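Please read the structure below before turning to the comments.
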Amino acid sequence: RGMPVLDSQGNEINTTQRYSKKIGATLKSVKGTSASYDLTGKEIYVRAVVRSSKLHPNPSEIGEVERAWVQPVAGPAAPQE
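Read the sequence shown against the numbering used here and you will find it ends at 278, with the numbers running on by one and no gaps.
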């Protein structure tokens with residue numbers, strides 16, 4: 198779970214939380230047109246980013262390529278509700 202972020206008066210800011218640096222870590226990188234990942238059992242969630250070699254038609258920075266994110270998959274370590 199994330200840690201709440203507090204404003205200068207100690208009130209929780211509901212739209213923001215601080216997470217472990219492990220959240221968002223790269224677990225595996227693959228070059229090519231096919232990839233897979235086997236869960237180890239320690240993951241809270243896994244989400245893939247697919248990067249193209251095609252330049253983005255409306256880039257936010259020079260040289261940006263097209264990319265897509267898949268929906269996250271809950272891992273075995275995800276909190277059980």
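Note that beta-carbon positions come from the ideal geometry of N, C-alpha and C, so glycine has one too.
Predicted model, so just to flag it, every value in this text is computed and none were measured.
CA-to-CA distance, Glu240 to Pro269, given in whole angstroms:
Near 11 Å, if we compare the C-alpha coordinates of Glu240 and Pro269.
Skipping 5 residues on each side, what residues in its chain have a beta carbon closer than 7 Å to that of Gly272?
The beta carbon of Gly272 lies closer than 7 Å to those of Leu236, Glu240, Ile241, Tyr242 and Val243 in the same chain, with the five residues before and after it left out.
Smallest Cα separation from Lys219: which of Asn208, Gly199, Ser226 and Ser205?
Residue Gly199 is the option with its Cα nearest to Lys219.
Helix, strand or coil for Ser226 per DSSP?
In this structure, Ser226 counts as coil in the three-state DSSP scheme.
Could you give the distance in angstroms between the alpha-carbon of Lys225 and the alpha-carbon of Ser249?
Taking the Cα positions, Lys225 is about 17 Å away from Ser249.
Check whether the Cβ atoms of Gly238 and Ala274 lie closer than 8 Å to each other.
Taking 8 Å as the Cβ cut-off, Gly238 and Ala274 qualify as a contacting pair.
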